[in-house]
């Protein structure tokens, strides 16, 4: 879309909004705003002559109606109604059918737009001729706008979309009921709720029986497209349009093919303590005793030269004993030896999404690997409340060198951009208050002067 491309390339910060449809929001906001300003000036600006208003009304309404007529007649050939991608994948007969159906929908809306523009132009013209008052004109234009919005919105939000409050507040039902079965018959939107009841019950049971922190691998509903698991417990999957690149790499490398030997190794790295397998009717919760846990000490280091070697290695190594480290991080271990200790342990003592705490004990220096995604833009690592550097291990996890002895390890998410943003927001708010106060004082002072002048006169 040319307009969308223009905004992405030249409008500051617009590129931060990922969805291409965001440009529609800009249009939906600006067009009504411009229309309101135009009507306001049309009715109130005394500098505009009747002749000028008539000319503008004729040009704008005539141009709009003319454009709509051209699109009604030649729109199919001008707009195409299919993308280059669709042209590649669909056969010609299906492409023609798709274009015909889309043009029919377009033609209906174009005719409606033509009628609405004609009504609005007629109302404004009659107002100029003093046949209608401004209030009546505004009521008619408002009614036309409301009718247009209402008819369009009813296409997408109508009686068929109505869902009982109980299902809207809890879309992840864990018990089947006669009410749910009855509602599903009249509302296909509830079918997925009924179909996933047994899976949800299994997830709820896991979460209630095991209160510790771990992740679940849901292989029934589509690991990286479903959200049911995350409602009950932490998941290795779920859906988000913007994924961390390295996590997305692991998904594409291992979970697209589902190698029966390598995938379990990845699930162990991700602390997938339970696997939900089988089908929606009879799901099974399978404990994974080999899950690495929230953190562990490794005794061996495997240095690799490229990211490809790194990602391929994590599927075949024993990650409980060996950590795969990029050769570029080799300098991190200068004067930081790592020695095996069979009695060493590390455990999670506190978990929050933005803060984790661990305690460790070892007789020798260790490398601790955490089942947490490496993200240096905000995550800080502290050993005994002293901030220390950490590295990436096993392609996508965090690792830190821990000296011998007993230690407390803490991770906290404190991105500088948020801290700076807080101060900037506070500064802007203070500036707004100061300017508002100054403006009120200035208005009050001028009013006093005017009153004083009136008294002297």
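Residue numbers (this note's numbering): 13 to 469.
Cβ atoms here follow ideal geometry from the backbone N, Cα and C, with glycine treated the same way.
Predicted model, so just to flag it, every value in this text is computed and none were measured.
- Taking a 10 Å sphere around the C-beta of residue 396, we find fewer than 16 other C-beta atoms and assign the residue as exposed.
- DSSP assignment within the segment 328–384 yields the following whole beta strand (DSSP E) runs of 3 residues or more, N-terminal first: 334–338, 357–364 and 367–374.
- Restricted to the segment 217–262, the alpha helix (DSSP H) segments that are unbroken, complete and at least 4 residues in length are 240–244 and 257–262, listed in chain order.
- If you draw a straight line from the Cα of residue 199 to the Cα of residue 99, it comes to about 34 angstroms.
- For the set 387, 377, 375 and 356, the Cα lying nearest the Cα of residue 366 is the one of 387.
- Taken through DSSP and simplified to helix, strand or coil, residue 184 comes out as coil.
- Contact between residue 288 and residue 231 is confirmed by a C-beta separation of about 6 angstroms, below the 8 angstroms threshold.
- The straight-line gap separating the alpha-carbon atoms of residue 17 and residue 108 is approximately 28 angstroms.
- Note that the segment 274–289 touches the segment 302–314; at least 3 beta-carbon pairs, one per stretch, sit closer than 8 angstroms.
- The straight-line gap separating the alpha-carbon atoms of residue 411 and residue 296 is approximately 33 angstroms.
- Residue 166 carries a helical assignment under DSSP once its states are collapsed to helix, strand and coil.
- Cβ atoms of residue 333 and residue 353 stay farther apart than 8 angstroms, at about 12 angstroms.
- Between the C-alpha atoms of residue 159 and residue 153 there is a straight-line separation of about 10 angstroms.
- A contact is defined here as three or more CB-CB pairs under 8 angstroms, and the segment 402–422 meets this definition with respect to the segment 373–389.
- The C-alpha of residue 430 is placed about 41 angstroms away from the C-alpha of residue 52.
- A distance below 7 angstroms between beta-carbons, with the five flanking residues on each side excluded, links residue 186 to the following residues of its chain, in chain order: 209, 212, 213 and 216.
- Residue state for residue 424 is assigned as strand, using DSSP reduced to three classes.
- Counting only unbroken stretches of 4 or more residues, the alpha helix (DSSP H) elements lying wholly within the segment 296–328 are 319–325, in sequence order.
- Per DSSP, residue 416 is not a residue of any beta strand (DSSP E), being assigned neither H nor E.
- A distance of 7 angstroms or more separates the beta carbons of residue 114 and residue 137.
- Here residue 444 is exposed. Its C-beta has fewer than 16 other C-beta atoms within 10 Å.
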